[in-house]
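Residue numbers (the numbering used here), protein chains in the order written: chain A, 41 to 340; chain B, 41 to 340; chain C, 41 to 340; chain D, 41 to 340; chain E, 41 to 340; chain F, 41 to 340.
No residue lacks a Cβ here, since even glycine has one placed at the ideal position from N, Cα and C.
Report on the structure given below.
There are 6 protein chains.
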Amino acid sequence: MSENNRVKERIEKAAASVSDNYNNQGLFSVSIGERLPKETEIIDVLNEIRKIVFPGFFGEENSAYVNLENFAGNAIAMVYEKLYRQIRTVLLFRGKRNRSEDFDLEVENIVLAFIDKLPKIQEMILKDVEAELEGDPAASSKEEIIFSYPGIYAIFVYRVAHELYKLKVPYIPRIMTEHAHGKTGIDINPGATIGEYFFIDHGTGIVIGETTIIGNHVKMYQGVTLGAISTMKGQQLSGVKRHPTIEDYVVIYANATVLGGDTVIGKNAVIAGNTFITESVAENTRVSALMPELNIKTRN
Amino acid sequence: MSENNRVKERIEKAAASVSDNYNNQGLFSVSIGERLPKETEIIDVLNEIRKIVFPGFFGEENSAYVNLENFAGNAIAMVYEKLYRQIRTVLLFRGKRNRSEDFDLEVENIVLAFIDKLPKIQEMILKDVEAELEGDPAASSKEEIIFSYPGIYAIFVYRVAHELYKLKVPYIPRIMTEHAHGKTGIDINPGATIGEYFFIDHGTGIVIGETTIIGNHVKMYQGVTLGAISTMKGQQLSGVKRHPTIEDYVVIYANATVLGGDTVIGKNAVIAGNTFITESVAENTRVSALMPELNIKTRN
Amino acid sequence: MSENNRVKERIEKAAASVSDNYNNQGLFSVSIGERLPKETEIIDVLNEIRKIVFPGFFGEENSAYVNLENFAGNAIAMVYEKLYRQIRTVLLFRGKRNRSEDFDLEVENIVLAFIDKLPKIQEMILKDVEAELEGDPAASSKEEIIFSYPGIYAIFVYRVAHELYKLKVPYIPRIMTEHAHGKTGIDINPGATIGEYFFIDHGTGIVIGETTIIGNHVKMYQGVTLGAISTMKGQQLSGVKRHPTIEDYVVIYANATVLGGDTVIGKNAVIAGNTFITESVAENTRVSALMPELNIKTRN
Amino acid sequence: MSENNRVKERIEKAAASVSDNYNNQGLFSVSIGERLPKETEIIDVLNEIRKIVFPGFFGEENSAYVNLENFAGNAIAMVYEKLYRQIRTVLLFRGKRNRSEDFDLEVENIVLAFIDKLPKIQEMILKDVEAELEGDPAASSKEEIIFSYPGIYAIFVYRVAHELYKLKVPYIPRIMTEHAHGKTGIDINPGATIGEYFFIDHGTGIVIGETTIIGNHVKMYQGVTLGAISTMKGQQLSGVKRHPTIEDYVVIYANATVLGGDTVIGKNAVIAGNTFITESVAENTRVSALMPELNIKTRN
Amino acid sequence: MSENNRVKERIEKAAASVSDNYNNQGLFSVSIGERLPKETEIIDVLNEIRKIVFPGFFGEENSAYVNLENFAGNAIAMVYEKLYRQIRTVLLFRGKRNRSEDFDLEVENIVLAFIDKLPKIQEMILKDVEAELEGDPAASSKEEIIFSYPGIYAIFVYRVAHELYKLKVPYIPRIMTEHAHGKTGIDINPGATIGEYFFIDHGTGIVIGETTIIGNHVKMYQGVTLGAISTMKGQQLSGVKRHPTIEDYVVIYANATVLGGDTVIGKNAVIAGNTFITESVAENTRVSALMPELNIKTRN
Amino acid sequence: MSENNRVKERIEKAAASVSDNYNNQGLFSVSIGERLPKETEIIDVLNEIRKIVFPGFFGEENSAYVNLENFAGNAIAMVYEKLYRQIRTVLLFRGKRNRSEDFDLEVENIVLAFIDKLPKIQEMILKDVEAELEGDPAASSKEEIIFSYPGIYAIFVYRVAHELYKLKVPYIPRIMTEHAHGKTGIDINPGATIGEYFFIDHGTGIVIGETTIIGNHVKMYQGVTLGAISTMKGQQLSGVKRHPTIEDYVVIYANATVLGGDTVIGKNAVIAGNTFITESVAENTRVSALMPELNIKTRN
């Protein structure tokens with residue numbers, strides 16, 4: 041047997057086995073006219089929205105020459121068209137919907153509802169930027185924060201994804217927040233509810249679960265988990281409130297863990313770093329861990 | 041002295057010093073016919089494999105029109121050729137090998153051995169996806185998991201890299217897993233051994249060391265370290281088992297730390313979050329930290 | 041009203057509101073001749089410098105054919121020109137400077153001062169690579185470290201950004217280190233001072249604050265925070281030393297937290313994992329946490 | 041008035057005038073759900089088809105490893121999907137069609153009819169390659185012809201475009217042939233009818249009009265025009281046969297001009313270079329110009 | 041001598057000789073702060089202008105959603121900024137100008153003068169499109185002409201370049217028209233003067249010289265040369281009118297040659313194909329060649 | 041039968057027929073380890089050489105900062121490596137050669153021989169630029185010529201390809217010159233021999249055949265053909281001198297045709313436009329056509 045044939049045969053044998061795996065799953069078959077959503081196209085929409093929210097920072101436009109209202113109009117129209125295509129794709133794929141004029145209108149209404157929310161999303165993020173500047177002594181200006189703070193990027197993506205989540209768009213919100221998670225190490229589920237002036241510093245390792253509720257003016261540092269109390273129940277818990285509620289003006293320092301759907305951190309409370317909290321904390325209290333004593337000895 | 045000359049002179053002075061640094065290292069000289077591997081090309085191979093494992097999700101192919109067995113055959117043949125080139129490059133560079141027909145055959149055998157494993161790798165990952173769906177109440181479908189879960193991406197890359205690691209391919213496995221580490225914050229050494237139905241949630245900050253052994257149906261959350269007990273011995277420990285063994289059905293919650301090559305977490309055990317474990321844990325036990333008491337006072 | 045008009049109207053209404061948001065902020069207006077810096081161009085400079093520091097590893101050049109001193113000269117000249125453009129842009133934007141021959145000369149001097157430092161930066165990083173090889177039993181060679189260790193990437197970027205920080209270049213240093221933060225999960229503020237032979241393992245979640253001082257031969261693992269003691273004072277603290285000092289040969293294991301501007305970890309000290317330290321530690325001591333007792337019970 | 045405002049005002053004035061021009065044309069308005077075709081996407085389809093016709097020559101596939109039948113299957117399926125999208129776009133735009141299931145089916149039938157023709161198109165082009173090799177003493181092999189002969193590229197594009205033209209697809213055929221015209225200087229209207237074993241040498245300046253009919257084994261050199269007899273009637277002639285008929289085995293040398301819908305160049309005729317022909321030529325004749333006498337004098 | 045050294049030595053010897061060539065030319069040295077223009081950036085400006093002139097045809101914008109006046113405003117502002125940079129570059133380079141506020145203002149005035157002309161340029165091209173539709177029986181619609189007719193592309197580029205030529209911008213106009221020449225085979229010098237409703241069919245091989253003057257409603261086919269009478273005087277003729285004048289409503293058929301600065305083709309004249317004209321032609325005349333008799337014999 | 045199946049079936053039927061076509065040709069099968077050359081990679085080499093020949097014009101390098109000798113050294117080393125790979129590929133493919141150390145050395149010698157010629161190639165082209173400037177009254181400077189004259193591009197590519205042709209490298213020379221043909225409409229066979237100070241104006245439609253010999257200081261305008269006398273012998277003529285010889289200082293005006301391997305245009309001769317020449321022309325003569333009389337009548 042020639043070398044060519046030997047290699048080809050081994051490749052085809054592998055292909056046949058891989059193909060058996062395909063058939064043993066319902067995952068890999070779609071119908072004529074459908075396709076799966078594409079992450080790159082969804083991230084593209086996200087980047088377009090970022091340019092609208094922060095004109096001049098991430099695109100080619102320069103407000104010295106460009107009329108920014110016109111710029112926004114154009115850019116939103118572009119977002120409209122791209123988002124329309126993405127949402128149509130995921131609804132067709134998820135819902136096994138018929139292609140029809142009615143369905144097209146339904147998609148249009150979802151996209152328009154999102155577009156309506158854009159100015160509000162932007163206001164929220166600009167307040168988050170203010171909170172960042174006020175809270176971080178290392179920040180030299182709002183521009184620096186917009187350009188480089190991972191916390192602001194993660195919150196921006198969350199705020200966009202959350203509106204799509206509320207409009208019951210499948211796949212897209214989570215693809216967006218996991219993209220931000222990959223770039224920042226900050227994992228905010230699009231289902232969470234987060235108020236104004238949210239401040240994140242450093243941020244790597246932050247986890248904010250799907251049913252979390254966070255008030256206004258909350259500050260949070262790296263490694264904070266707002267999670268579910270451990271259980272083995274998995275899918276049975278889908279939809280149940282299993283993550284905590286954080287009220288206005290709460291501060292949670294680095295690596296604190298707050299768990300449980302009934303856990304409420306009351307207004308104005310301060311949670312010190314490295315604490316582990318599974319019960320509610322009253323308003324205006326400061327909770328710190330009695331850190332374990334240190335064992336100090338001369339190094340040999 | 042003209043401005044041109046002044047700038048050029050300063051640049052050339054810097055270049056001369058940089059060049060001295062080159063010469064003081066053996067690192068930067070290669071022989072005719074050799075080259076260093078390129079990260080971009082290796083990641084390209086990884087992306088191609090991902091398309092084979094999850095057809096329709098990350099490529100242009102659409103199973104409504106494409107015969108998936110043919111698709112897999114083509115795609116594996118492409119992977120064959122690209123991987124052949126990469127492995128040839130690293131073996132030439134690492135081993136200072138002669139270019140010869142024998143050497144070419146050796147490379148071919150390594151690549152074919154990897155190709156043979158592809159269906160098995162895929163089966164494993166599809167089981168990991170199942171574990172993810174079952175274990176995470178926020179997951180709405182397998183598709184969402186494949187598209188967006190960083191845990192699945194990190195495990196996929198590990199499973200590919202691990203097979204290359206077992207075939208003693210240098211550089212490439214680590215370049216692959218560190219790429220996944222960069223994208224997900226999950227650091228799995230390609231030398232680790234990990235069983236079926238592995239579940240990772242959130243994932244940022246997970247570290248799984250080179251000599252770790254993990255059984256089937258294990259669940260692990262963000263910030264978990266499976267590490268070595270701290271020592272100052274560095275390279276002397278190369279090859280020694282210095283990371284723990286985790287048996288089937290173990291669950292390790294967020295930010296737990298399990299250290300040591302002799303530490304065995306027995307079948308079915310549950311390790312709570314924020315624990316620090318340096319000794320073995322028996323089967324069917326639940327280990328939690330007596331968390332340090334909290335110091336709660338009114339905030340002033 | 042036609043469908044076209046309805047959609048356009050909703051889009052323009054959103055644009056008008058977005059534009060109101062622009063006007064309520066001083067952020068989005070620049071003058072003729074100015075522009076905001078662009079992240080992509082800054083990262084491009086960083087990548088060029090990386091090729092100079094590690095020739096053959098990340099570019100197309102191959103030392104089998106290329107004279108490396110010539111290579112360095114060319115590449116530095118390219119960096120000169122690109123960096124000149126970026127620094128000019130940020131100084132114009134930040135400082136509302138006049139475009140003049142004097143200003144051009146000022147920019148030139150900053151860039152030349154940076155170029156002068158390049159060989160020193162490179163020497164430092166090559167020492168960091170040595171430290172990495174010596175300290176990590178899983179590392180098989182310096183090449184593997186250069187290719188794939190996130191710690192080396194983060195330190196490299198820090199060392200470049202730190203020189204620009206010392207030259208009082210705005211925006212660019214932070215954009216650089218946050219880029220590295222995004223890729224590695226390692227957050228080193230460009231203002232920190234870090235000595236030779238710095239070793240980082242795994243690295244995800246490391247935070248090193250702006251006024252931190254680190255000596256030579258220091259080793260640090262994932263999740264270590266060198267931070268400020270929590271306060272609510274925000275911008276009032278700008279410029280104050282609020283992060284710790286780490287002396288030569290100190291080792292800090294995973295997830296340790298060291299806080300406070302007056303906290304000094306003395307020469308040769310070892311800080312164990314999961315410790316929480318807010319006071320100085322004497323030279324040659326080993327500090328470990330008396331870990332909270334574990335609560336072990338049979339799992340039901 | 042500030043410099044900013046002056047510039048913006050001039051820009052907006054220009055925009056208003058440009059916009060008036062838009063409104064004075066029906067050209068620039070489309071309805072919701074429609075879009076104009078995009079040249080880049082159409083050329084992309086053309087490139088995909090070229091890979092199918094000449095496997096290994098223009099794509100990444102390598103027949104040493106790839107099963108070419110599988111390759112063709114995959115690639116045709118990709119072409120199917122992309123062409124479907126393009127044809128749907130142009131039909132919607134041109135015909136102001138309703139989006140409906142019936143319309144989708146109509147598009148599908150057109151695309152399938154084209155797919156059915158692909159093997160025939162390929163056979164034809166492979167014969168054209170043979171003709172090229174036989175006819176050109178400078179050609180060293182079929183491979184060289186496929187890689188580099190502009191004549192083959194132009195004929196290939198024509199053969200693809202002609203099938204779409206016959207299926208009454210608007211816009212796309214002409215965009216394809218004008219793309220080839222731009223790359224080769226050979227302008228073949230997609231409506232022309234061209235037989236087997238068509239040979240073009242050099243080719244720049246060749247023009248073959250819409251209603252031309254060309255038999256088998258015809259050879260043609262640079263600068264040949266097969267055109268209409270000059271008239272001023274423009275659009276009134278749309279659809280009328282106004283270009284010549286060229287029968288089997290005819291050879292037409294460089295810069296010959298053959299005009300008129302009733303002009304027939306009979307089987308086996310040879311038309312010499314620089315001739316100007318507006319009447320039919322009998323079979324088996326050789327037509328040359330009595331070239332004007334040359335005026336030769338000593339150069340002063 | 042090792043293989044490495046032998047290769048490097050040969051390369052460096054070639055580099056030294058190449059460098060000698062550099063030094064023997066004044067061409068390759070620029071001063072600090074200068075750079076040569078870049079073709080890619082100039083073509084980029086051209087493409088942006090094309091999107092403004094034909095909205096929806098070549099960009100992403102879709103008039104179903106986008107307000108086209110806003111679109112134009114944005115796009116012109118982008119063109120302003122890019123063109124400013126290019127013109128500043130060429131003037132600095134060509135004129136060895138000082139960088140100063142005065143110079144910046146001079147550039148601004150040139151760019152604004154061009155922007156003022158944009159609506160007029162567009163009107164002219166839309167008339168050219170009309171002429172194309174009316175004159176070509178193979179044209180099915182204005183859209184097809186805009187998408188695919190090389191004549192329209194060449195005229196568009198000429199009309200843009202001509203305005204810059206009139207503003208005495210160096211390099212850029214010719215780089216633009218030669219780009220069009222490369223894509224279409226139509227070579228129109230930016231210095232030529234061309235009236236309204238200009239019609240070009242097929243076009244390959246058309247040459248229109250620098251001092252040509254063309255009136256309104258002129259039609260021209262492939263291979264037409266409007267050139268200078270042959271002389272050996274080269275640069276001595278720079279600036280002299282040496283190309284013909286073509287008055288309104290003239291038609292010039294394929295491959296006609298019209299030469300000489302004093303040659304005037306009078307209003308309404310028709311010049312047949314393959315004619316060679318070096319003297320003026322009166323209004324309302326039709327000039328055809330008495331084509332050389334054909335020599336027809338039976339082919340042996 | 042479902043819609044999915046119907047479409048897939050038609051696609052697979054087409055694939056089977058296409059695959060039959062593959063098998064009926066020897067063209068599409070290569071052996072393990074071989075691949076076909078890739079046009080894009082060959083053009084890439086050409087572009088790199090262009091940057092060496094004209095530093096600053098087409099690359100990023102700027103001689104204000106870069107030492108041009110170093111630049112050339114680096115760039116030539118890059119060309120060495122890339123060209124090595126391409127030549128190795130074509131020789132393996134064409135010659136069915138064994139991979140061996142001897143073969144590698146043979147490739148190396150070819151590439152080095154080409155590198156040796158680079159300075160000479162550059163000198164030649166710089167002389168061609170001088171000829172262009174001197175001969176064209178519309179040319180404003182050498183820079184404009186280098187940037188935008190298609191004649192210079194075509195000659196540059198020819199000069200590179202001709203050296204490779206002389207080294208008997210298959211495929212690559214023709215791929216290069218046909219690339220230039222596509223961009224400029226100027227078709228120079230790499231086998232032609234062309235002396236110094238070659239001048240081409242406009243250029244579209246020029247054809248220079250494989251066995252043409254051209255002396256120094258020759259000038260040539262658009263549409264000139266230096267061709268073979270028409271024959272039907274095709275491949276039988278391979279290698280025979282069948283194109284003319286043009287001696288020093290000859291000028292050939294637009295659309296002249298010179299044919300035949302024995303035709304010699306003597307030193308200093310001038311060939312007027314639109315002439316058709318198949319016999320030798322003596323030195324110092326001027327040959328013009330007695331143009332056919334014009335038929336001038338009033339247009340009706």
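Less than 8 Å separates the beta-carbon of ILE92/D from that of ALA112/D. Along the segment 284-296 of chain B, going in chain order, the ones with a CB nearer than 9 Å to a CB of chain C are ASN295. Residues of the segment 263-284 of chain C with a C-beta atom less than 7 Å from some C-beta of chain F do not occur. For TYR261/A, there are no neighbours in chain D by C-beta distance under 7 Å, as the nearest C-beta there is about 41 Å away.
For ASP241/C, the enclosing beta strand (DSSP E) covers residues 239-241. The continuous alpha helix (DSSP H) containing ARG199/B extends over residues 190-206.
In this structure ASN44/F is not in contact with ALA115/B, their Cβ atoms being roughly 21 Å apart against a cut-off of 8 Å. Along the segment 211-227 of chain B, going in chain order, the ones with a CB nearer than 7 Å to a CB of chain C are TYR211, ARG214, ILE215, GLU218, HIS221, GLY222, GLY225, ASP227. Taking GLY175/D as the centre and dropping the five residues before and after it, the same chain places the C-beta of PHE239, ASP241, LYS259 closer than 8 Å to its C-beta, in chain order. Counting along the chain, THR217/D sits inside the alpha helix (DSSP H) bounded by residues 212-224. Using a CB distance below 8 Å, the part of the segment 95-106 of chain D facing chain F consists of PRO95, GLY96, PHE97, PHE98, ASN102, SER103, ALA104, TYR105, ordered along the chain. Annotation for GLY267/B: the continuous beta strand (DSSP E) segment containing it runs 265-267. Along the segment 113-125 of chain A, the positions whose C-beta sits under 7 Å from a C-beta of chain E are GLY113, ASN114, ALA117, MET118, TYR120, GLU121, read in chain order.
The beta-carbon of ARG339/B is placed less than 8 Å from the nearest beta-carbon of chain A. Among the residues facing chain E, SER71/B is included, as its CB has a counterpart in that chain under 8 Å away. For ARG326/A, the uninterrupted beta strand (DSSP E) run begins and ends at 325-329, by DSSP. Under the three-state reduction of DSSP, PHE94/A is assigned to coil, being neither helix nor strand. Taking 3 residues as the minimum length, the beta strand (DSSP E) runs contained wholly in the segment 240-299 of chain C are 259-261, 265-267, 297-299, in order along the chain.
Taking the Cβ atoms as the reference, GLY96/E lies roughly 14 Å from ASN87/E, outside the contact range of under 8 Å. Take the alpha-carbon of GLN276/D and the one of HIS283/D: they are about 15 Å apart. GLY279/B counts as exposed, since fewer than 16 other beta carbons sit within 10 angstroms of its beta carbon. In the displayed model, LYS337/C falls within a strand according to three-state DSSP.
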